[in-house]
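K.L.:
There's a structure below that I have some questions on.
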Amino acid sequence: MDIELLGTIFFGLIVGVAAKLIMPGKDPGGVFVTILLGIGGALLGGWVHTKVESGLPDREEGWILSVLGATLILAGYRVFRRAN
-3 MDIELLGTIF FGLIVGVAAK LIMPGKDPGG VFVTILLGIG GALLGGWVHT KVESGLPDRE
57 EGWILSVLGA TLILAGYRVF RRAN
């Protein structure tokens, strides 16, 4: 397995856990879904990071946007799960 892929998974787990701390509650899927939400948030945050310049250092801005992205994805996931 590629070291960059492992780093992405680990980063996704951390971002996903941060999003769960912001939005606590029961969600189906456990750690696997948390990792996927975190990776999705990191991707969303990275995309937004390329579109916006806030003046923050890139590293801090990347973390903040990744966590915000994962939180938005978690909120969307909860709405989707409740609708079904």
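When the letters of the sequence shown are read in order and numbered with our numbering, they come out as residues -3 to 80.
Each residue gets a CB set at the ideal place from its N, CA and C atoms; glycine is no exception.
(1) Out of 55, 31, 0, 3, which one is the CA nearest neighbour of residue 15?
(2) Is it the case that the Cβ atoms of residue 33 and residue 45 are separated by a distance below 8 Å?
(3) Looking at residue 8: is its Cβ nearer than 8 Å to the Cβ of residue 38?
(4) Out of 42, 29, 18, point me to the one whose CA is closest to residue 56's CA.
P.N.:
This is what the structure holds:
(1) Residue nearest to residue 15 within the set 55, 31, 0, 3 is 31 (criterion: CA-CA distance).
(2) No, the Cβ-Cβ distance between residue 33 and residue 45 is not below 8 Å.
(3) Cβ atoms of residue 8 and residue 38: closer than 8 Å.
(4) Per the Cα distances, 42.
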